[in-house]
Structure formats: structure tokens, C-alpha cells
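These protein sequence lines map, in sequence, to chains A and B.
All letters in the first sequence, in the order written, are residues 1 to 256 by this note's numbering.
All letters in the second sequence, in the order written, are residues 257 to 403 by this note's numbering.
Here the structure comes first, spelled out in C-alpha cells, and everything after it is commentary.
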Amino acid sequence: MTNVIERLGAWAVTRVGEMGRMLLFLLSAFAWLARPPLRFHQIMKQIHFIGYRSTFVVVLTAGFTGMVLALQGYYSLRKFGSEGLLGSAVALSMIRELGPVLAALMVTARAGSAMTAEIGIMRITEQIDALDTMAINPMQYLIAPKLVAALIGVPLLVAIFDVVGIYGGSLVGVDLLGVSEGAYWNSVQSAVEWKDVYGGILKSVSFGLIISWVCCYKGFYTRQSAEGLGSATTEAVVLSSVLILVGDYILTSLLL
Amino acid sequence: MEKTKLEMVVGVFVLIGMVCLVYLSIKLGKLEIIGGAVYEVEAQFNSASGLKPGSAIEIAGVEVGRVRGITLIEDRAKVKLAVNNTVKLYTDTFASIKTRGIIGEKFLALSPGGGGDPLKPGDTIRDTESGLDLEELVSQYVHGKVK
């Protein structure tokens, strides 16, 4: 009996310790960001990797999400004879929920895992220690540019996702199912308010922070083995996805 | 990759993203960044039920502005109207709250009048009519107040 309680306590202490380490990791990354020199070229490279190279997969996901939403929405709305509301159904679910969440999940899968693997390999092959000996702070050189790039790149990807999704919805709704074009775009315009767009932007910024934070942390503290690298990558993807979904619920309930 | 080419690609990506963001905020979100193309007048209603900031203002079915804010003055609703500069309103303008279709959203219909002086920014429209309350009409009928 005491054994069980002891193990529970040990588990809780480890978890809380890990949370504290994660927070300190983030704070030190931001502190190093404020200190010159600003690694401008590194930030560019990371925006290229996290943002630009994710564009294709984000556009693909967005197009099909918008199309399937229009298809599903049309069959539900037709029962009430209000197909004219299709535009607002697609636009609101895109901007408020699906855009930020799906784009963030795609970025986690594509760029987040690669981030963890890259930093993890550098840790295992002692390149991070080498940076330290060359008096280049790894926080400033490796981690901070990735944080900045995700904070800039993810909201832009989400904006592209929203626009492509709404156009995808109009492709199916207007051209395939025969909702009138004017009704579709008018209901998009009248339903969406600044509050919705603002909420979406806020969500996408938070998700960008979550992705880069979790993935960099997991890579930075990889255990010294091939297995350690594998499990670090898995943990990074699982933890950021879970945090994105839970964070989405919390943010939605706070914003409503 | 060359440094300039990398920066070029990133620049294009950021540009496209910003265009999408601006489209969402200004076209769909109706964020007003450039003021000055509109002027504000006020109107008081017995009830502004269903009217929201951002609701359309129409003259003869053509959109000429948007509702900017609704506040309570004593027991009446004071509605702030942002009307395009190109539209002239006169002191005998008539404002009424209308519904699009049976269950559609509410909007503000103006008939600009023709007599009197032009309305200046900050002036108040005097002739107003609140929206039709379907429930009240039904209850009047049910409780036999209609003769």
C-alpha cells in the first residue's frame, strides 16, 4: 500500500519538475532572444522551413476540409430549406475552429517532428556541446529563431488555410450543388465578425507557441541513444497535438 | 540555398499570408482601419432588439453604411450610424429597423427625405420606427386586443 502511494508521489514530483523545466526553457529562450545579436538569417531559414514548406500540405488540407464541410452542411441545411446559410456555416467553422486546429496539427506533423529530430541529433552527436565550446549559445542560435519563426509562420498559414477553405466550400457549394453564388458570399460576409477573426488569430499564435516550445524542448533534452531520439520525436508530436486540442477548448470557452 | 533566393521565397510566403490575413480582417471581419470615408449620425429607438454593431444600413436596398454602436439612454436605445460620405441625409430622414425575410437578420432602412437642412456629423435622426415584434403581434391577436 505504502509502495503504491510512494510511486504515485514520485510520478507527481517528476511531472511537476518537468513542467517547471519546460517553463524555464521557454523563459530562457525569450531572454536570449532579447539579447543581441539577432540571428536574422536563422529566423529566415526557419520561416522558410516551418511556413513556406508547409504551404502545400496546408492548402491541400484546407481545400478538402472546406469542400467536405460544404457537402455535409448542404445536406443538413437542405432539410430546413436554408441552403443560403451554407456560406456562414463553412466560414465560421473554418475561421473559428478548423483553420487554427487543423493547420496547427499539420504543422506539428510536418515541421514539429523534424524540429525535434534535428535538435535531438545535434544533442546526441554533441554538436550542441560544440556550439557551447565555441561560445555560441545554443538557446540563442537554435531555439529562439524557431520560436520566432513559428509565431510568425503559423498565423500566416492559418490565414491561408481559412481563405482556401472558404473558396473550397464555394467550389462544392456553388459550382457543384447549385447554391446561388450571391447567397453563399453574402452569408459569409454577414456572418463573420471581427471577433471571430480575432479569436482565430489568437488561437493560431498560441498554437505556434505550443508547437515550437514542446518540439524544441523535447529535442533539446533527448536522451543519449537512438531509442531516446525516437521516443523524443513521438512524445513531442503527441504532447503538442494534445496541448493544441485541449488549448483549443480552453481558448474557445474563454473567448465566447 | 542562396541567401537572396531564400529571402525571396520567405518574402513571397509572408506576403501571401499577410494578404489572406488582411482579407479576413477587413473584408470579412469588417475591421475599420481607414476612417474618414464615413460620418456618424445618431438615432434613438424604443427598441433596437436584433440590431448589432456591424449591421447594414440601407437606402432603397443599397448598403450605404454600418451600425457602429448601440447604447442605452434612459429607457431608449441610442444607435450610432456610420454612413458613407457620398450619401446626403436631411433632417426629415426616416429610420426604421427591418428584417431580411421572416427569420433573417435585422438591418436599418433609411429614407433620406428631401426637405430641411442636410444632417451634419453628430446630428440625430428624429423620425424612427422600431422593428416589428412578431411575438407581440401574435399575442395581441391571441389575447383579443385586435378588433
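Where is the CB? At the ideal position from N, CA and C, for every residue including glycine.
- Listed by position along chain B, the residues whose Cβ is nearer than 8 Å to that of Gly51(A) are Val266, Phe269, Val270, Gly273.
- Taking the beta carbon of Glu263(B) as reference, the chain A residues within 8 Å of it are Met44, listed in sequence order.
- Here the C-alpha atom of Val394(B) lies approximately 15 Å from the C-alpha atom of Gly387(B).
- Here Val335(B) carries a strand assignment [DSSP, helix/strand/coil].
- If you check each beta-carbon in the region 335–353 of chain B against every beta-carbon of chain A, none falls closer than 7 Å.
- Judged by DSSP secondary structure, Ser88(A) falls within the alpha helix (DSSP H) whose first and last residues are 86–93.
- Taking the Cα of Lys218(A) as reference, the smallest distance to any Cα among Ser206(A), Leu24(A), Gly230(A), Ala236(A) is reached at Ala236(A).
- Boundaries of the alpha helix (DSSP H) harbouring Arg21(A): 2–33, taken from the DSSP string.
- Contact annotation, Gly99(A) with Gly228(A): C-beta distance approximately 35 Å; criterion of less than 8 Å not satisfied.
- One alpha carbon belongs to Pro36(A), the other to Leu254(A), and they sit about 36 Å apart.
- With at least 16 other beta carbons inside 10 angstroms of its own, His48(A) counts as buried.
- With respect to the C-alpha of Lys283(B), the residue from Thr222(A), Val163(A), Gly173(A), Glu181(A) having the closest C-alpha is Val163(A).
- Residue environment for Val246(A): exposed (fewer than 16 other C-beta atoms within 10 angstroms of its C-beta).
- With a cutoff of 8 Å on beta-carbon distance, Lys334(B) and Val323(B) are scored as not near each other.
- Listed along the chain, the chain A residues whose CB falls inside 9 Å of the CB of Glu391(B) amount to none; the nearest CB is some 21 Å away.
- The C-alpha of Pro145(A) lies about 16 Å from the C-alpha of Phe207(A).
- Leu177(A) and Ile315(B) have their C-alpha atoms some 33 Å from each other.
- Around Thr55(A), the beta-carbon contacts reaching into chain B at under 7 Å are Phe269.
- In this chain, the beta strand (DSSP E) harbouring Ser352(B) covers 350–355.
- Around Asp389(B), the same chain offers Ser303, Ser305 as residues with beta carbons nearer than 8 Å, after the five sequence neighbours per side are excluded.
- Listed by position along chain B, the residues whose Cβ is nearer than 8 Å to that of Asp196(A) are Gly285.
- Straight-line measurement puts the Cα of Phe40(A) at about 42 Å from the Cα of Val172(A).
- At least one beta carbon of chain A lies nearer than 8 Å to the beta carbon of Leu280(B).
- For Leu328(B), the pairing in a beta bridge is given by DSSP as Ala333(B).
- Here the alpha carbon of Thr234(A) sits roughly 22 Å from the alpha carbon of Ala12(A).
- Interface with chain B (8 Å Cβ-Cβ cutoff): Ser190(A) is included.
- Assigned with DSSP and collapsed to three states, Leu105(A) falls in helix.
- Where Phe207(A) is concerned, the enclosing alpha helix (DSSP H) starts and stops at 194–220.
- Taking 7 Å as the Cβ-Cβ cut-off, the region 288–319 of chain B approaches chain A at Gly310, given in chain order.
- Identification of residues in the region 192–223 of chain A having a C-beta nearer than 9 Å to some C-beta of chain B yields Val192, Glu193, Trp194, Lys195, Asp196, Val197, Tyr198, Gly200, Ile201, given in sequence order.
- Rounded to whole angstroms, the separation of the alpha carbons of Val158(A) and Leu251(A) is 16 Å.
- Under the 8 Å criterion on CB atoms, Asp162(A) is classed as interfacial with respect to chain B.
- Contact check for Ile160(A) against Val59(A) passes: the beta carbons are separated by less than 8 Å.
- One thing to note: Leu77(A) has its Cβ no nearer than 8 Å to the Cβ of Leu69(A).
- Straight through space, the alpha carbons of Ala29(A) and Tyr221(A) are spaced by roughly 14 Å.
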